[in-house]
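Novice: Below you will find the structure I want to go over with you.
Residue numbers (the numbering used here), protein chains in the order written: chain A, 1 to 200; chain B, 1001 to 1200.
So, in structure tokens, the structure goes:
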């Protein structure tokens, strides 16, 4: 064992522990506890094991799961930017790029490069794996928000057009999942008033 | 899309959300927040991406990560059994077997069988993937307990012999990791008094 290499890996493993403290706007299905980034990533990794059969294109499951496990790590330094926080989103890319250099720099160079390029691949949204990962990243909070009777949507006066814009690429990973999500998670919650209908 | 199949998958995805509420005895590196099962699984999945190079035998990384992601799901019904809770451990196997049938029965049969056999493979500790997964499952709380200055160990008056017994199979997945863990995480914390030295 190369001790210097191992210590770098351990330093990274200790540092990313902080992701468990980064809270998201979504509530768990109990409707009381805010989800954190690590829980969110764990949930999507299992969802990918179960739902990859609905991907538009066959995907490399390990690569997709790896991407999902690490895609929010930059938030350890850059913080979570809520999907509907238009101000925060203006500086998000710059904050996250700086965070990526700092965080992935802790790892041995080969592994740091590998994780950073997985993250960049997710952000670029061009490969089948990145597209399916994005589908999971949009579908999972819809499931939680629906299960919590729209609590986070109602707290933020979320409007239908925001949700549709947020989900503009959900179909690119899976037409099947998007078709279900649109009708049974989004439109259902527009009809019951949990999401504000601004389409009229 | 087979709607009946998809609804079963979604029901399972909603049900396992409860794993995020199952608290463990370990504290996060902040020394204040108890870790939950989902965070624990997420952390070990990333650790496996980084540390599989130290496995005694080459492993299928996707299989190992899948095992780690789901190995505590039975606790949704069976609860967490602390590593040093000797009373709880007497009924643990029976409680968890019942929980597995109930939980994996929610999924479509092919996927339920697949997850259940992954869990049984982890429990049986015979394959290289199961052995490495166990190494992660023992190594990860050592890292957290050490980073939190032994808080959970001190609260439970944990003794050196308990930790050594708990880690009797850690070397079977990785001699290298065990060698490091024994000296730099366990014996170090015996020397500084965070773990009670009952060897004399």
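In this text, a Cβ means the ideal position worked out from N, Cα and C, and glycines have one as well.
Remember, predicted model here, so these are calculated numbers, not experimental data.
At the 8 Å Cβ level, is residue 1043 of chain B part of the contact set with chain A, yes or no?
Specialist: So yes, residue 1043 of chain B belongs to the interface.
Novice: Less than 7 Å between the CB of residue 30 of chain A and some heavy atom of the ligand NAP, yes or no?
Specialist: For the structure depicted, the ligand NAP is absent and the ligand set is empty, with no information on it obtainable.
Novice: Bridge partners of residue 1196 of chain B, per DSSP?
Specialist: B:1159
Novice: Check the Cβ-Cβ distances between residue 27 of chain A and every residue of chain B, and say whether any is below 8 Å.
Specialist: Output row for residue 27 of chain A: interface = no.
Novice: Is the Cβ-Cβ distance between residue 18 of chain A and residue 76 of chain A less than 8 Å?
Specialist: yes
Novice: Per DSSP, what are the beta-bridge partners of residue 27 of chain A in this structure?
Specialist: A:34
Novice: Short of 7 Å Cβ to Cβ, which residues in the segment 1097 to 1129 of chain B face chain A?
Specialist: 1111
Novice: Output needed for residue 964 of chain B: all residues of its chain with C-beta closer than 7 Å, excluding positions within five of it in sequence on either side, in chain order.
Specialist: Residue 964 of chain B lies beyond the residue range present for chain B, which begins at 1001 and ends at 1200; the question has no answer from this structure.
Novice: Using 8 Å as the Cβ pair cut-off and three pairs as the minimum, do the segment 23 to 43 of chain A and the segment 96 to 103 of chain A touch?
Specialist: no
Novice: Would you tell me roughly how many angstroms separate the C-alpha atoms of residue 160 of chain A and residue 27 of chain A, rounded to the nearest one?
Specialist: If I take the Cα positions, the gap works out to 19 Å.
Novice: Near residue 1171 of chain B, what residues of its chain come up, given a Cβ to Cβ distance below 6 Å and the 5 sequence neighbours on each side ignored?
Specialist: 1178
Novice: Less than 8 Å between the beta carbons of residue 60 of chain A and residue 129 of chain A, yes or no?
Specialist: yes
Novice: Which residues mark the beginning and the end of the alpha helix (DSSP H) in which residue 1105 of chain B is found?
Specialist: Premise fails: residue 1105 of chain B is in no alpha helix (DSSP H) and is neither H nor E.
Novice: Determine, for residue 62 of chain A, whether the minimum Cβ-Cβ distance to residues of chain E falls below 8 Å.
Specialist: Considering every chain present, this structure includes no chain E. Its protein chains are A and B.
Novice: Closer than 7 Å by beta-carbon distance: list the chain A residues that pair up with residue 1054 of chain B, in chain order.
Specialist: 1
Novice: Could you check what DSSP says for residue 1072 of chain B in three-state terms: helix, strand or coil?
Specialist: coil
Novice: Should residue 1071 of chain B and residue 1133 of chain B be called a contact, given that it needs their Cβ atoms to be closer than 8 Å?
Specialist: yes
Novice: Are the beta-carbon atoms belonging to residue 1114 of chain B and residue 1154 of chain B less than 8 Å from one another?
Specialist: no
Novice: Suppose the cutoff is 6 Å on Cβ atoms and the five residues either side in sequence are ignored; what does the same chain contact list for residue 108 of chain A look like?
Specialist: Only 5 and 8 meet the Cβ criterion.
Novice: Using a Cβ cut-off of 8 Å (strictly closer), state whether residue 1057 of chain B contacts chain A.
Specialist: no
Novice: DSSP on residue 212 of chain A, reduced to helix/strand/coil?
Specialist: This structure cannot settle anything about residue 212 of chain A, because the visible part of chain A is limited to 1 through 200.
Novice: In chain order, what residues of the same chain have a beta carbon less than 8 Å from the beta carbon of residue 1151 of chain B, not counting five sequence neighbours either side?
Specialist: So the qualifying residues of the chain are 1027, 1031 and 1145.
Novice: Can you find a C-beta in chain B that's less than 8 Å from the C-beta of residue 151 of chain A?
Specialist: no
Novice: Is the beta carbon of residue 1023 of chain B sitting closer than 8 Å to the one on residue 1038 of chain B?
Specialist: If you check the CB distance, residue 1023 of chain B and residue 1038 of chain B do not come in under 8 Å.
Novice: Identify whether residue 59 of chain A lies in helix, strand or coil by the three-state DSSP scheme.
Specialist: Reduced to three states, the DSSP call for residue 59 of chain A is coil.
Novice: Suppose the cutoff is 8 Å on Cβ atoms and the five residues either side in sequence are ignored; what does the same chain contact list for residue 1106 of chain B look like?
Specialist: 1008, 1011, 1012, 1015 and 1112
Novice: Roughly how many angstroms lie between the CA atoms of residue 121 of chain A and residue 69 of chain A, to the nearest whole one?
Specialist: 13 Å
Novice: Grab me the residues of residue 1136 of chain B's own chain with a C-beta within less than 7 Å of its C-beta, minus the 5 sequence neighbours each way, in chain order.
Specialist: 1044, 1047, 1048 and 1068
Novice: Which of helix, strand or coil does DSSP assign to residue 1002 of chain B?
Specialist: coil
Novice: Compare the C-beta of residue 1066 of chain B with all C-beta atoms of chain A and state if any pair is closer than 8 Å.
Specialist: Chain A has a Cβ within less than 8 Å of the Cβ of residue 1066 of chain B.
Novice: When you compare only the Cα positions, how much space is there between residue 1176 of chain B and residue 102 of chain A?
Specialist: 28 Å
Novice: Give me the subset of the segment 71 to 87 of chain A whose CB atoms are less than 9 Å from a CB atom of chain B, sorted by chain position.
Specialist: 73
Novice: Flag residue 1014 of chain B as yes if its beta-carbon sits less than 8 Å from any beta-carbon of chain A, otherwise no.
Specialist: yes
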